Amino acid sequence: MAAITLEPVSTQSQIDTLCAIAKTVWHETYDGLLPPGQPDYMIEKFQSDHAVKEQMARENYRYVLAKLGEAYVGFVGYAPRYQGQEEMYLSKAYILPQGRGQGVVGALFRLVEEETKKEGLSRVRLTVNKGNAHAKAVYEHYGYRTVEAVQSDIGGGYVMDDYVMVKEL
1 MAAITLEPVS
11 TQSQIDTLCA
21 IAKTVWHETY
31 DGLLPPGQPD
41 YMIEKFQSDH
51 AVKEQMAREN
61 YRYVLAKLGE
71 AYVGFVGYAP
81 RYQGQEEMYL
91 SKAYILPQGR
101 GQGVVGALFR
111 LVEEETKKEG
121 LSRVRLTVNK
131 GNAHAKAVYE
141 HYGYRTVEAV
151 QSDIGGGYVM
161 DDYVMVKEL
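Sequential numbering of the sequence shown, starting at 1, is according to UniProt numbering.
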């Protein structure tokens with residue numbers, strides 16, 4: 001198995017890479033699941049170059065890319081104490097098909113858990129689309145449990161219909 005390397009995102013090239021990964025994974029996962037236009041709207045709103053830079057600058061987001069061998073295959077985005085909550089918010093966890101089943105998601109989740117503890121926090125929270133059964137199953141495999149269902153108006157006539165999941169550390 002190829003080595004997994006984790007790289008904190010700090011350069012424009014790395015931001016370009018994570019935006020490209022997000023776009024690929026979003027379309028693979030959500031085309032056909034969400035209304036037409038919503039995947040592109042959400043990519044622009046949450047995973048465009050501008051959005052990522054804003055999140056890092058204003059919301060204390062941290063992004064980490066994962067490489068499998070020499071190829072970038074995924075990333076996580078997380079923020080401690082997001083919106084004043086005493087927990088880590090795992091906002092994004094996207095893995096390309098070639099990185100799945102290779103230990104990448106486990107390595108990224110371990111990193112987020114380590115960062116959570118370093119921040120003096122004891123819980124990780126995330127949201128997952130109700131229709132994304134595969135991702136929900138992955139989170140459950142790693143110890144997350146569903147605590148509530150939420151709907152969020154994200155503008156543009158679109159709504160996110162999610163489960164909130166948490167993991168106590």
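By construction, the Cβ of each residue, glycine as well, lies at the ideal position given by its N, Cα and C atoms. The model shown is predicted, which means the values in this text are computed figures rather than measured ones.
Contact under 8 Å by Cβ, residue i with residue j
i, j, result
"Y89", "Y78", "yes"
"L68", "A20", "no"
"L121", "E87", "yes"
"I154", "K23", "no"
"T116", "D162", "no"
"G101", "L33", "no"
Residue burial classification, residue i (beta-carbon count within 10 angstroms, cutoff 16)
i, result
"P39", "buried"
"A71", "exposed"
"S91", "buried"
"G99", "buried"
"R125", "buried"
"V147", "exposed"
"Q55", "buried"
"Q151", "exposed"
"Q47", "buried"
Presumed contact (8 Å Cβ cut-off) between residue i and residue j, rounded CB distance
i, j, result
"R123", "V164", "Incorrect: roughly 12 Å between the Cβ atoms, too far for contact."
"A107", "I4", "5 Å"
"Y82", "F109", "At roughly 17 Å, the Cβ-Cβ gap does not stay under 8 Å, so Y82 and F109 are not in contact."
"V52", "L18", "7 Å"
"L6", "L96", "Not really, about 15 Å apart at Cβ, beyond 8 Å."
Per DSSP, the bridge partner or partners of residue i
i, result
"D31", "L34"
"R100", "Answer is none; R100 lacks a bridge partner."
"I4", "L68"
"Y89", "A79, R125"
"K167", "V124"
"M160", "S152"
So, do the segment 157-167 and the segment 62-80 have three or more beta carbon pairs nearer to each other than 8 Å? no
Check your understanding: So, do the segment 124-137 and the segment 6-23 have three or more beta carbon pairs nearer to each other than 8 Å?
Key -> no
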